[in-house]
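Asker:
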Amino acid sequence: MSRSARQTPILLACALALFLLADCRSQDAEAKYAEARKEYDALLFAGHLPTDPEFDGVIARLREVPDGAPQHAKAQELVARILRARAPRPPIPLATPGYGDAGMDVLENTCAELAQRMGAADAGERADWARKVEACHNAIEHVRDAQHHATTPDSEVAKP
Numbered sequence: 010m011s012r013s014a015r016q017t018p019i020l021l022a023c024a025l026a027l028f029l030l031a032d033c034r035s036q037d038a039e040a041k042y043a044e045a046r047k048e049y050d051a052l053l054f055a056g057h058l059p060t061d062p063e064f065d066g067v068i069a070r071l072r073e074v075p076d077g078a079p080q081h082a083k084a085q086e087l088v089a090r091i092l093r094a095r096a097p098r099p100p101i102p103l104a105t106p107g108y109g110d111a112g113m114d115v116l117e118n119t120c121a122e123l124a125q126r127m128g129a130a131d132a133g134e135r136a137d138w139a140r141k142v143e144a145c146h147n148a149i150e151h152v153r154d155a156q157h158h159a160t161t162p163d164s165e166v167a168k169p
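Here it is as structure tokens:
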């Protein structure tokens with residue numbers, strides 16, 4: 010038997026081992042991402058905010074997804090979303106020019122009324138009311154952010 014004929018099975022075995030090793034790494038990356046995503050969803054469903062220290066474990070697991078794995082981009086995007094949610098918000102202005110105190114009072118009273126309705130709702134309806142309350146609070150933040158940017162001098166606005 011020639012030397013190349015004896016080396017062929019060895020080369021095939023090495024190639025098969027490399028293929029199986031790469032497949033194991035891919036499955037490991039998939040499992041890490043799936044586990045981190047499951048924990049992320051569970052924390053959000055339980056009402057935890059991304060600023061909660063429990064999300065540190067999610068971030069650590071997502072960063073374990075190796076570069077080059079198909080799930081790496083998804084993992085990095087989820088880490089970025091968590092970090093963006095943790096970023097400090099712009100300060101709330103002391104006054105609300107343009108809307109007047111009455112306009113903001115109406116929004117705040119509407120949010121308070123929605124929150125009261127959510128508290129009195131059945132367990133099955135609370136999720137819908139919670140979304141409405143969150144949308145109301147987001148509207149208030151949107152108005153405040155818009156007012157803040159409208160009153161910021163051009164020299165303080167970051168230029169791209």
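First residue of the sequence shown: 10, per my numbering; consecutive thereafter. We put the beta carbon where it would ideally sit given N, CA and C, even for glycine.
1) Please confirm if the segment 63-75 is in contact with the segment 37-54, defined as three or more CB-CB distances below 8 Å between the two stretches.
2) Cβ atoms of Arg70 and Ala45: under 7 Å apart, would you say?
3) Looking only at its chain, what residues have a beta carbon closer than 6 Å to the beta carbon of Ala84, apart from the 5 residues adjacent to it on each side?
4) If you measure between the beta carbons of Trp138 and Ala144, is that distance less than 7 Å?
5) Along the alpha helix (DSSP H) that carries Arg98, what are the first and last residues, could you check?
6) In the structure shown, what three-state DSSP assignment does Val152 receive?
7) Here's a check: name, in chain order, each residue in its chain whose Cβ is nearer than 7 Å to the Cβ of Gln80, leaving out the five neighbours to either side.
8) To the nearest angstrom, how far is the alpha carbon of Asp6 from that of His151?
9) What did DSSP end up calling Leu123 once you bin it into helix, strand or coil?
10) Could you check what DSSP says for Gln80 in three-state terms: helix, strand or coil?
11) DSSP on Val74, reduced to helix/strand/coil?
Answerer: For this structure:
1) The segment 63-75 vs the segment 37-54: in contact.
2) Yes, these two residues count as a Cβ contact at 7 Å.
3) Counting only residues of its own chain and dropping the five nearest sequence neighbours on each side, Ala84 has a CB closer than 6 Å to the CB of Tyr42, Leu71, Val74.
4) Contact: no.
5) No alpha helix (DSSP H) holds Arg98; DSSP gives it neither H nor E.
6) Here Val152 sits in helix by DSSP.
7) Ala38, Glu39, Tyr42, Val74.
8) Because the chain is modelled from 10 through 169, residue 6 falls outside the range shown and cannot be assessed.
9) In this structure, Leu123 counts as helix in the three-state DSSP scheme.
10) Gln80: coil per DSSP, three-state reduction.
11) Residue state, collapsed to three classes: coil.
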